[in-house]
Amino acid sequence: MPYENLADRTAVITGAASGMGAATARLLAAQGVRVALLARRAGRLEELAAKITADGGQALAVAADITDQASVDAAADRVHAAFGRVDLVVNAAGVMLPNPVDAGRADEWQRMLDTNVAGALRVIRAFTADLVAVAADGRTADLVNISSIGAHITFPNYAVYGATKAALTYLSASLRTELGPRDVRVTNIEPGLTDSELAGHVDNAELSGQLDGMFEALGGLSSDEIADLIAYTTSRARHVNLRQLVVLPTRQA
């Protein structure tokens, strides 16, 4: 479907090497958005950027690790040099590593905190000045954070993952009080079961099997469907902020 008001915008999308990030990049680029693709896997980004360019879009592949401040700062410099100010930021990068808390997987806890919470903050820090300046010029400015239904629905063995997503949901709400008065929209999206690479990160065979069973029983959303929601949300008139979106497969709802 067509989305009004997206052409000629400039977006930064994290987690763009796969899943929701890649799907969002493809869809926004098809609508005339210049897309800066951020993720660690340079090869995957280059392939996606080449495909977008071949289809007539504009894309910049920027290998970056959002768990590292210097890497994010360098990525922001590259984006600004190529595209100028950014008016749309999509925090799609995330990692899901479920295990019982008493397993003591501090390595997993730190990775989820660094990516899902601190990583999002690093990206927000890098581009908030752009969003505020764009909005002050009378143009549309959007920050979209992809959280999870796990932010407020508890699941056994997902305590730390859910806590990181709850933090992101709270952060989105709080940022709305800071940025909304300056005409920057903040949208928090909480998907349920979604087909992405998140499930592939799980190193617990029992929990991995449970996830597979849930997909079989309930079905799942596709990454393209989340991208569609992002495109719809960010293409509304600039005075309309769809602030909190919970999207689930019908059988999970």
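For the sequence shown, our numbering assigns the number 1 to the initial residue and increments by one for each residue that follows. Note that the Cβ used here is the ideal one computed from N, Cα and C, for glycine as well.
Please classify residue i: is it buried, with 16 or more other beta-carbons within 10 angstroms of its beta-carbon, or exposed?
i: V33; result: buried
i: V240; result: exposed
i: G138; result: exposed
i: A29; result: buried
i: T53; result: exposed
i: R176; result: buried
i: T128; result: buried
i: E178; result: exposed
i: D73; result: exposed
i: V90; result: buried
i: E108; result: buried
Need the endpoints of the alpha helix (DSSP H) that residue i sits in, please.
i: V202; result: Careful: V202 lies outside any alpha helix (DSSP H) and carries neither H nor E.
i: V246; result: Where V246 is concerned, there is no enclosing alpha helix (DSSP H), although the beta strand (DSSP E) it sits in stretches over 244-247.
i: T234; result: 223-234
i: Q69; result: 69-83
Can you find the residues in the same chain that come closer than 7 Å, C-beta to C-beta, to residue i, ignoring five residues on each side of it along the sequence?
i: T115; result: I66, T67, A93, G94, V95
i: Y158; result: P98, G150
i: F83; result: T10, R34, A36, L60
i: R122; result: I66, Q69, V72
i: F215; result: L193
Can you give me the Cβ contacts of residue i inside the same chain, cut-off strictly under 8 Å, excluding the 5 residues immediately before and after it?
i: L229; result: I189, L245, V247
i: S235; result: Y3, E4, N5, L6, Q31
i: V117; result: T164, A167, L168, L171
i: S71; result: A64, D65
i: E47; result: none
i: G213; result: none
Helix or strand or just coil, what does DSSP make of residue i?
i: E4; result: coil
i: R34; result: strand
i: T250; result: coil
i: I52; result: helix
i: A92; result: coil
i: A39; result: strand
i: D212; result: helix
i: D87; result: coil
If we define contact as Cβ-Cβ less than 8 Å, is residue i a contact residue for chain B?
i: A81; result: In the structure shown, chain B does not exist; there is a single protein chain.
Over what stretch of residues does the beta strand (DSSP E) that includes residue i continue unbroken?
i: V12; result: 10-14
i: A59; result: 58-63
Near residue i, what residues of its chain come up, given a Cβ to Cβ distance below 6 Å and the 5 sequence neighbours on each side ignored?
i: A166; result: A151
i: N204; result: N99
i: D183; result: A135
i: S147; result: K165, L168, T169, N188, E190
i: S223; result: G19, M20, A23, S196
i: F155; result: none
i: R41; result: A17
i: Q252; result: G192, L193, L218
i: Q58; result: R34
i: V86; result: T10, V12, F127, D130
i: A75; result: L38, V62, A64
i: R238; result: T140
i: S208; result: V202
- request: Return the chain-ordered ranges of every beta strand (DSSP E) run that is complete within the region 105-186 and spans a minimum of 3 residues.
  value: Runs found: 142-146.
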